[in-house]
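Encoded as structure tokens, the structure appears first; notes follow it.
Numbering (this note's numbering), first residue to last: 23 to 164.
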């Protein structure tokens, strides 16, 4: 269990599920925190960005693994505060958790994520990280 009180996250997730969404991405004071049961990642200009661990963001079980996979794949990785507007303008959005592994977010609030021909589709950073994750899993290192 990620936190002592899961009620707010559980309620938010149920509201999203009732609307056909897989997950709920949450913000606090205009900044990205996490999803109801996952970490959220923003891809901007080929770099993977995530909010730093704080009293509002708990480090998920796969955060360190994603950092390692980014290093192996030559993907820039940075934990920093991420404004809500940057999430909605992302090139790609990803989720990570022990159960979801690495998952591309293709729609956010009913709009396709990304730009141009890749709008609403999994992007190249997701493809690299998903493949690397599967290799690590097959090698039994996770």
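Positions of the beta carbon are idealized from the N, C-alpha and C atoms, including for glycine.
These numbers come from a predicted model, not from an experiment.
Bounding residues of the alpha helix (DSSP H) (the contiguous stretch that carries residue 161)
First-last for residue 161: undefined, no H or E at that position.
Please classify residue 25 as buried or exposed, where buried requires at least 16 neighbouring CB atoms within 10 angstroms.
In this prediction, residue 25 has a pLDDT of 48, which is less than 50 and means its spatial position is unreliable; what the coordinates show is noted afterwards. Exposed, by the Cβ-count rule.
Proximity of residue 143 and residue 121 at Cβ, strictly below 8 Å
Not a contact, by the Cβ cut-off of 8 Å.
For residue 120, decide whether its Cβ has a neighbour in chain C, counting only Cβ atoms nearer than 8 Å.
Going by chain labels, chain C is absent from the structure shown, which holds only one protein chain.
From residue 153 to residue 105, what distance separates their C-alpha atoms?
Whole-angstrom Cα-Cα distance: 29 Å.
Assuming residue 145 and residue 108 are in contact, meaning their beta carbons sit under 8 Å apart, how far apart are those beta carbons, in whole angstroms?
Between the beta-carbon of residue 145 and that of residue 108 there is about 16 Å, and that puts the pair past the 8 Å contact cut.
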